[in-house]
Every structure is written in structure tokens, then in C-alpha cells.
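Chemist: Heads up: the protein sequence lines correspond to chains A and B, in order.
For the first sequence, the working numbering gives the first residue as 1, with consecutive numbering after it.
For the second sequence, the working numbering gives the first residue as 112, with consecutive numbering after it.
C-beta atoms are modelled at their ideal positions from N, C-alpha and C, and glycine is treated no differently.
Handing you this structure, nothing more for now.
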Amino acid sequence: QQPVQSPQAVILREGEDAVINCSSSKALYSVHWYRQKHGEAPVFLMILLKGGEQKGHDKISASFNEKKQQSSLYLTASQLSYSGTYFCGTEGPEGNTPLVFGKGTRLSVIA
Amino acid sequence: GAGVSQTPSNKVTEKGKYVELRCDPISGHTALYWYRQSLGQGPEFLIYFQGTGAADDSGLPNDRFFAVRPEGSVSTLKIQRTERGDSAVYLCASSVITGSTEAFFGQGTRLTVV
Numbered sequence: 001q002q003p004v005q006s007p008q009a010v011i012l013r014e015g016e017d018a019v020i021n022c023s024s025s026k027a028l029y030s031v032h033w034y035r036q037k038h039g040e041a042p043v044f045l046m047i048l049l050k051g052g053e054q055k056g057h058d059k060i061s062a063s064f065n066e067k068k069q070q071s072s073l074y075l076t077a078s079q080l081s082y083s084g085t086y087f088c089g090t091e092g093p094e095g096n097t098p099l100v101f102g103k104g105t106r107l108s109v110i111a
Numbered sequence: 112g113a114g115v116s117q118t119p120s121n122k123v124t125e126k127g128k129y130v131e132l133r134c135d136p137i138s139g140h141t142a143l144y145w146y147r148q149s150l151g152q153g154p155e156f157l158i159y160f161q162g163t164g165a166a167d168d169s170g171l172p173n174d175r176f177f178a179v180r181p182e183g184s185v186s187t188l189k190i191q192r193t194e195r196g197d198s199a200v201y202l203c204a205s206s207v208i209t210g211s212t213e214a215f216f217g218q219g220t221r222l223t224v225v
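Below, the structure is given as C-alpha cells:
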């Protein structure tokens, strides 16, 4: 079942922070985050495995609450290059399954 | 090659025709996935291969769609009797193994059925 992402779209000024949420109605093994710029391929950001870990690199981090079947992506001090559509992809409870992607969150960072 | 390569990048075909879309994954990647993406939507799973075999084809919309990966490397997605509703970007991705690992996407093939 397709995860639900919120918000659908957000506009930020450079330097502002944003949170993108991903919620599933079923148990998950992992959550994957990708960013896609217009006309380009989705690019991998990070994977979170069940266990409630938090990951991050640079100013982009994410958390995964397996009990709530939710993940959040945190973008801090946003840069123009962060603009794009962010997708979460979820993996079923047993793992080793293809990802089911949400509809995406369109992020626009303006100067 | 360095990344996942898909050809052609664009394909325009007439309704009712047959098309083949090719995916050349990253060398050594055993898992290969096909997704379809419509405007404003996330990638929609079609089929994935583990080696030469189709491990899960539950996302194929109907029997007009078929995919092969005969030698465990290059894959071809085949669509028979194309319909206007098949128009979309078809994305291919590969990963070292199936499951919780990074998947690398190709640039996609934009299919337009007129």
C-alpha cells in the first residue's frame, strides 16, 4: 500500500528548515528517501532500517519510528540545491521487497 | 558503464504498436527493477529481477507488459498493443542485492503513445 507523504508541496527561503513526513498503514522493514529534480533520475539520500535509528549527512537527516510506521526527513539551513521532489519508498515487514513510493513532496527553495 | 543506462531516452509510438525499452544496469548488480512514473506521481513498481529470474511481477498492469533479463544483466521491457494510457516515464533501477540497499536509477525512457 502506498505511503502517504506530507506536505504535498513547500516553499522555503534559503536558510530555512523543513520537515517532510512519510506515513504507512502497514508494518515496515525500512524506509528509503530519494530526491528527484525535474527531468532527472531519482537520487538516493538514505535508508532507515527498523529499530528507530536516525541518520543524516550534512544538513539532511531522517528518523524512522517503526511503531508508528512513520519516517520524517529533516532539511536544515536549506540551500537552493535542495529544490526538487522528495520521495519516500517503503519496504514491507519481511524485507527483500521492492519499494513502494509515495506521491512525493515538491520542495522549492528560493533566494 | 558508470551508471544505469536506459535506451531510448524518448520513444513516440502509435497506438497499437509494439515497443521495447532497454535497461543496462550497473555491472555486478544482481537486482534490477522496473518502475513507471506518471506526471506528478511517484515511481510505480512494475517488476523486479533477481539475476535472470523475475522475482516479483505483481506490478505489471496486464498481459500486454512483459520483461526479460536473459543473461542476468541487460533487461528489456516489452509492451504490446500500446495504449495512450501507457504514456509515462519508464524508470529502471539496479542494486547490488535485493532489499535494504541503495538503488541506482537510470534517466528513464519517456514513452508517448499517440
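Closer than 7 Å by C-beta to alanine 18 of chain A: which residues in its own chain qualify, once you throw out the five before and the five after it? Chain order, please.
Modeler: Here the set comprises Val10, Leu12, Leu75, Ser78 and Leu107.
Chemist: Candidates B/Cys203, B/Thr209 and B/Leu188: which alpha carbon is nearest glycine 92 of chain A's?
Modeler: Ranking the options by Cα distance to glycine 92 of chain A, first place goes to B/Thr209.
Chemist: Going by C-alpha distance, which of B/Thr212, B/Ser205 and B/Asp197 is nearest glutamine 117 of chain B?
Modeler: When each option's Cα is compared against that of glutamine 117 of chain B, the closest is B/Ser205.
Chemist: With 9 Å as the C-beta to C-beta threshold (strictly closer), list the residues of the region 88 to 104 of chain A near chain B in chain order.
Modeler: If the cut-off is 9 Å between Cβ atoms, the region 88 to 104 of chain A has Cys88, Gly89, Glu91, Gly95, Asn96, Thr97, Pro98, Leu99, Val100, Phe101, Gly102, Lys103 and Gly104 near chain B.
Chemist: Residues of the region 159 to 184 of chain B with a CB closer than 7 Å to any CB of chain A: list them in chain order, please.
Modeler: Hits within the stretch, in order: Tyr159 and Asp167.
Chemist: For chain B, is any of its Cβ atoms less than 9 Å away from the one on tyrosine 34 of chain A?
Modeler: Cβ-Cβ to chain B under 9 Å: yes for tyrosine 34 of chain A.
Chemist: Can you list, in chain order, the residues of its chain whose CB lies under 7 Å from that of leucine 171 of chain B, leaving out five sequence neighbours each side?
Modeler: The answer, listed in chain order, is Leu157 and Ile158.
Chemist: Using alpha carbons as the reference points, say which of A/Gly15, A/Trp33 and A/Gln8 lies closest to valine 100 of chain A.
Modeler: The residue with the shortest Cα to Cα distance from valine 100 of chain A is A/Trp33.
Chemist: Out of A/Ile60, A/Leu28, A/Tyr29 and A/Met46, which one is the CA nearest neighbour of glycine 15 of chain A?
Modeler: Glycine 15 of chain A has its Cα closest to that of A/Ile60, out of A/Ile60, A/Leu28, A/Tyr29 and A/Met46.
Chemist: For serine 186 of chain B, which beta-bridge partners are listed by DSSP?
Modeler: Answer is B/Cys134, bridged to serine 186 of chain B.
Chemist: Are the C-beta atoms of serine 211 of chain B and some chain A residue less than 9 Å apart?
Modeler: It does; some Cβ of chain A falls within 9 Å.
Chemist: Does the beta carbon of glutamate 40 of chain A come closer than 9 Å to any beta carbon on chain B?
Modeler: Closer than 9 Å to some Cβ of chain B, the Cβ of glutamate 40 of chain A qualifies, so yes.
Chemist: Could you tell me which chain B residues have their CB closer than 8 Å to the CB of leucine 49 of chain A, listed as they occur along the chain?
Modeler: Simply Ser211.
Chemist: With distances taken Cα to Cα, identify the nearest neighbour of phenylalanine 176 of chain B among B/Gly183, B/Asp168 and B/Ala142.
Modeler: Closest option to phenylalanine 176 of chain B, Cα to Cα, is B/Asp168.
Chemist: For valine 43 of chain A, report the span of its beta strand (DSSP E) as first-last.
Modeler: It spans 43 to 49 - the beta strand (DSSP E) in which valine 43 of chain A sits, taken as one unbroken run.
Chemist: Among A/Lys68, A/Lys103 and A/Phe44, whose alpha-carbon lies nearest the alpha-carbon of histidine 57 of chain A?
Modeler: Residue A/Phe44 is the option with its Cα nearest to histidine 57 of chain A.
Chemist: According to DSSP, is glycine 170 of chain B part of a helix, a strand, or is it coil?
Modeler: Here glycine 170 of chain B sits in coil by DSSP.
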